[in-house]
Amino acid sequence: MSLDAIIEAFSVDKVTKEFYKGIVQLYNTLIKDDKNGIQKYPDMDKKDKGEFGVRLLGRLLFCWFLKKKKDGNNTAIITDQLLSSRIVEQDNDFLHELLEPLFFQVLNTPIEERIDIYKQEPWGKNTIFEWWII
């Protein structure tokens with residue numbers, strides 16, 4: 001492979017286009033009414049499913065960004081204990097049991113105002129989330 005081919009393969013435009021194509025495919029799968037989509041919410045209309053899909057994908061992308069981002073001690077902001085493919089596959093209600101608490105009980109709530117469970121590890125004391133407030 002030539003240097004030009006390598007540079008082209010990793011160009012921002014190519015990665016961006018491929019990234020967005022992947023996001024569009026995930027979105028389209030998510031809003032379907034089949035076993036891969038939003039079948040748990042049969043009362044949602046098409047518009048609500050679309051909005052839900054956009055919010056969910058945005059939150060997941062933000063979480064994966066935080067998982068790759070390191071703090072001053074070179075520790076991931078979100079660890080595998082909270083977010084990994086294994087956790088997602090094992091948890092029947094990942095959205096309500098992990099993702100919603102992460103955003104609404106941890107990231108946007110000062111530790112002293114959280115309910116007790118979210119003041120403990122992996123959510124609170126001695127973790128990066130002790131100081132994090134959106």
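Counting from 1, one number per residue, gives the positions in the sequence shown under our numbering. By construction, the Cβ of each residue, glycine as well, lies at the ideal position given by its N, Cα and C atoms.
Pairwise C-alpha distance: residue j and residue i
{"i": "residue 106", "j": "residue 122", "result": "10 Å"}
{"i": "residue 99", "j": "residue 77", "result": "15 Å"}
{"i": "residue 69", "j": "residue 45", "result": "36 Å"}
{"i": "residue 111", "j": "residue 119", "result": "6 Å"}
{"i": "residue 94", "j": "residue 109", "result": "20 Å"}
{"i": "residue 90", "j": "residue 16", "result": "31 Å"}
{"i": "residue 59", "j": "residue 96", "result": "13 Å"}
{"i": "residue 24", "j": "residue 56", "result": "13 Å"}
{"i": "residue 5", "j": "residue 30", "result": "34 Å"}
{"i": "residue 85", "j": "residue 113", "result": "30 Å"}
Residue i classed as buried or exposed, judged by whether at least 16 other C-beta atoms fall within 10 angstroms
{"i": "residue 117", "result": "exposed"}
{"i": "residue 66", "result": "buried"}
{"i": "residue 115", "result": "exposed"}
{"i": "residue 75", "result": "exposed"}
{"i": "residue 63", "result": "buried"}
{"i": "residue 102", "result": "buried"}
{"i": "residue 18", "result": "exposed"}
Opening and closing residue of the alpha helix (DSSP H) in which residue i lies
{"i": "residue 66", "result": "46-68"}
{"i": "residue 141", "result": "Past the edges of the chain, shown from 1 to 134, lies residue 141, and the structure says nothing about it."}
Check whether the segment 43-52 touches the segment 71-83, taking contact to mean three or more Cβ pairs, one atom from each stretch, closer than 8 Å.
With a cut-off of 8 Å, the segment 71-83 and the segment 43-52 do not count as touching, because too few Cβ pairs lie within range.
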